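Numbering follows this note's numbering, with no gaps: position 74 of the sequence shown is 74.
We put the CB at the ideal spot given by N, CA and C, even for glycine.
Owing to the predicted nature of the structure, the values given are computational and were not obtained by experimental measurement.
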Amino acid sequence: MSETKITVIYDNPTDPSAFEAAYEAEQLDAARKIPGYVRFEASKVWPKEDGSPTPAYRMIDLYYPDYDAAVAAVTTPEAGAFFQALGRLSTGGVRILMSDVEVAQQ
């Protein structure tokens, strides 16, 4: 069984300043508390050179040793707190994906 990745894609918030003010405490810190991941990444989408909206705003990726570990992680109270805050903060929309990592980082 290969690694499994949970990706949270935040769409452009309606109020970027308010999002940024709450992001670290309500999302990054909360995501780091979700148990069992083997790697954690957070990223911000570069602005487009022409000033038009980006296709997404930020992403968080949590990597797990396998699918069963990822599924177990999202059923924890820590994940529940993360997802509850996610609902409040993601005013522009959010997508959550669970993916099979076919080519792992070397």
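Exposed unless 16 or more other CB atoms sit within 10 angstroms - verdict on F40:
Within the sequence shown, residue 40 is the residue found at index 40, counting from 1. So F40 counts as exposed.
Could you confirm whether any beta carbon from chain D is found closer than 8 Å to the beta carbon of M59?
Annotation note: the requested chain D is absent from the structure, which comprises a single protein chain.
Please state the DSSP three-state secondary structure of E20.
Here the question's residue 20 lines up with position 20 in the sequence shown. In the structure shown, E20 sits in a helix (DSSP, three-state: H, G or I).
Length of the line joining the Cα atoms of D69 and V38
Along the sequence shown, read from residue 1 onward, the residue named residue 69 stands at position 69. Along the sequence shown, read from residue 1 onward, the residue named residue 38 stands at position 38. Position check: residue 69 holds Ala in this sequence, whereas Asp was assumed. Whole-angstrom Cα-Cα distance: 10 Å.
For the candidate residues F19, Y10, A73, whose alpha-carbon lies nearest to that of P35?
The count along the sequence shown starts at 1 and reaches residue 35 at position 35. The residue with the shortest Cα to Cα distance from P35 is A73.
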